[in-house]
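First residue of the sequence shown: 0, per numbering that gives the first Met the number 0; consecutive thereafter. Written below as structure tokens is the structure these notes are about.
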Amino acid sequence: MTDHDQQRLWHRVASKRPLAVGMLGALIVVLIVWSIAPAEPTPVPPALPQPAHLEPAPIPQTPPETETRQPSEPQLIVEPPEPAPVDPSDERQEVLQTCELIAGKLGSVSLEDCAESKLRLSGARSRKGTPILMAEYPPLTERQPLGRVLLFGGIHGDELSSVSIVYGWLETLDRFHSGLFHWRIAPLVNPDGLLRSKPQRMNDHGVDLNRNFPSPNWKVEASDYWIRRTSRNPRRYPGEAPLSEPESRWLHEQIETFQPAAIVAVHAPLHVLDYDGPPDPPERLGPLHLKQMGTYPGSLGRFAGVHLDLPVVTLELPSAGIMPTPADQRRMWVDLVAWLRQNVPKQNAVQVVQVKPAATVAATSAER
Ligand SMILES: [Zn+2]
């Protein structure tokens, strides 16, 4: 009913009964007020999700228990826009392209397995810009994990089996992840080394990434070791500075942000189980028997195991080019999980591990 209709009705009825007129008048006033009043606000729909919720699920950089939120963070203020979110289809495309490269290089890794895995972009890239892929097996709601475990392979690009076996363990976790541990896994830390026509130990910058970690007194010890003990062997070149390489920087960042209770590194072909850091090492993992080989300046064992007191389990597979039998792969995994289960809780794993930033490491290096 328009205002005009209402007024015509008023004039027609007004000439008849005063009482009716009074009542009708009141009704019409109500109607007029109703018709010109701003519409009653419709029920408030749920708040539009913040831009962050429209983004693809981010790859968690920190586990939930270490995430912090500023208590005074205002709820209704429109924040400046987040950095442009990665289009999920772009990310998927890049994961698939990387999978294609890796599957093209490794007989034991199929494109299908890689594509169906939980591998995502880690955000880090190699020297040549190849994405470093990472999979996360997070805590499950019904279970508090015993601790966080960082597992990686392929830090040396010519140790092909160290990459393939981690792919196999991803499949194991896809089927059996129970929430016992919170895993962060990178099967291939040095993609440039692997993906060359002839795979090489070093990254594309000629650096042995496992000599590039900021162990104490790196500047003196790493170059001294390289020059005097290896006679400048290019396969052991530690780089110009600790963490000079994006691949080692990424791994170091995982130690700082993910704060693993244990690190598992897969190498080949020394056919032993190496171990650095506390507590007591495993005696064996499947066919690999413990043989502690010491550490080198700039190695992860020296940096994380000795300097940070983190357990670093190093599997040296028997061959760089031939995979262990499926039974041996399984035994290694079962023994590893059994050892972690027994020993990670002793490390008080879910508490925050204090990690000294690289600068502090350098400054305090003379103390050790
Ligand atoms: Zn190696």
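The C-beta atom is built at its ideal place from N, Cα and C for all residues, glycine as well.
- For Arg119, the enclosing beta strand (DSSP E) begins and ends at Arg119 to Arg124.
- Look at Arg183 here: in three-state DSSP terms it is strand.
- Of the candidates Leu105, Leu100, Glu111 and Leu169, the residue whose Cα lies closest to the Cα of Ala134 is Leu169.
- Close CB contacts of Pro344 within its chain, under the 8 Å cut and outside five residues either way in sequence, are with Leu145 and Gly146 (chain order).
- Here the stretch 324–331 does not lie against the stretch 107–117, with fewer than 3 beta-carbon pairs under 8 Å apart.
- In terms of Cβ geometry, Ser160 and Ser318 form a close pair [threshold 8 Å].
- Three or more beta-carbon pairs separated by less than 8 Å link the stretch 214–222 to the stretch 290–305, which places the two stretches in contact.
- With 16 or more other CB atoms across the displayed protein chains lying within 10 angstroms of its CB, Gln253 is buried.
- With a threshold of 7 Å, the Cβ atom of Asn209 counts as near ligand 1, since some heavy atom of the ligand is closer than that.
- With respect to the 8 Å criterion, Asn342 and Pro259 are not classified as neighbours on the basis of their beta carbons.
- Set against 7 Å, the gap from the CB of Glu158 to the closest heavy atom of ligand 1 is smaller.
- At least one heavy atom of ligand 1 falls within 7 Å of the beta-carbon of His155.
- The DSSP-derived three-state label of Val162 is helix.
- Here DSSP, grouped into helix, strand and coil, assigns Ala319 to coil.
- Trp182 is positioned such that its CB atom lies closer than 8 Å to that of Tyr136.
- Glu282 and Pro84 have their C-alpha atoms spaced approximately 46 Å apart.
- Using a C-beta cut-off of 8 Å, the stretch 301–312 makes contact with the stretch 260–276, since at least three inter-stretch Cβ pairs fall below that distance.
- For Met331, the enclosing alpha helix (DSSP H) begins and ends at Pro325 to Asn342.
- For Pro245, the number of other beta carbons within 10 angstroms of its own is at least 16, and it is reported as buried.
- Glu90 and Ile164 have their C-alpha atoms spaced approximately 25 Å apart.
- Inter-segment contact for the stretch 191–206 and the stretch 174–181 is absent: fewer than three beta-carbon pairs are separated by less than 8 Å.
- Between Gly152 and Ser88, the alpha-carbon positions lie close to 27 Å from each other.
- About 13 Å separates the CB atoms of Pro237 and Arg200; that is not less than 8 Å, and the two are not in contact.
- Boundaries of the beta strand (DSSP E) harbouring Asp273: Val271 to Asp275, taken from the DSSP string.
- Going by beta carbons, Leu193 and Gly156 fall inside the 8 Å limit.
- Within 10 angstroms of the beta-carbon of Ala123 lie 16 or more other beta-carbons, which makes it buried.
- Val94 has its alpha-carbon roughly 36 Å from the corresponding atom of Gln291.
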